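Take a look at the structure set out below.
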Amino acid sequence: GQGSNGGTDKPDHFIVVNKVVNAKITNLNIQNWPTHCFYINGARGLSVTGLTLGNSAGDAANSASDGDPAAHNSDGFDISGSDTVTLDTITVYNQDDCLA
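The numbering of the sequence shown is the UniProt record's numbering, which starts it at 1 and goes up by one.
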């Protein structure tokens, strides 16, 4: 499919972190999210460490992707309107932006 730009309906963001202050997200292993893994908005003093985001299964085509990789818009992190967000020791395997 084409992710959030057409094709199969999918959630716009898999994990939303909204208006957190002095928070931590640590030691997660997330596999095969449908589109845009993390959306961080309005965060102040957020630390994100020790994550592995693996969407390599999306490299393969499926019946809806016309031979192209099935995953689309598989951003690792979309961050907006935030102050002092630290990303450390993070690995992202995807088909789009690691950080947008």
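Where is the CB? At the ideal position from N, CA and C, for every residue including glycine. Predicted model only: the values in this text are computed from it and were never measured.
Contacting residues, own chain, Cβ-Cβ under 6 Å from residue i (five flanking each side not counted)
| i | result |
| --- | --- |
| D83 | R44 |
| C98 | G76, V92 |
Distance, residue j Cα to residue i Cα
| i | j | result |
| --- | --- | --- |
| T86 | P11 | 25 Å |
| G42 | D59 | 32 Å |
| G25 | A61 | Looking at the sequence shown, residue 25 is not Gly but Ile. Each residue's Cα considered, the two are about 32 Å apart. |
| A17 | L46 | The identity of residue 17 in the sequence shown is Val, whereas the question assumes Ala. So the two alpha carbons sit approximately 10 Å from each other. |
| V48 | I15 | 13 Å |
| D68 | C37 | 20 Å |
| Y39 | D78 | 5 Å |
Unbroken beta strand (DSSP E) run spanning residue i, endpoints
| i | result |
| --- | --- |
| L87 | 83–93 |
| D78 | 77–80 |
Contact set for residue i: own chain, Cβ-Cβ below 7 Å, skip 5 residues either direction
| i | result |
| --- | --- |
| Q31 | G54 |
| T89 | T49, G50 |
Check: Which ranges does the beta strand (DSSP E) cover as unbroken runs of at least 3 residues, wholly within the stretch 20–72, from first to last along the chain?
Finding: 21–26, 29–31, 38–41, 44–54
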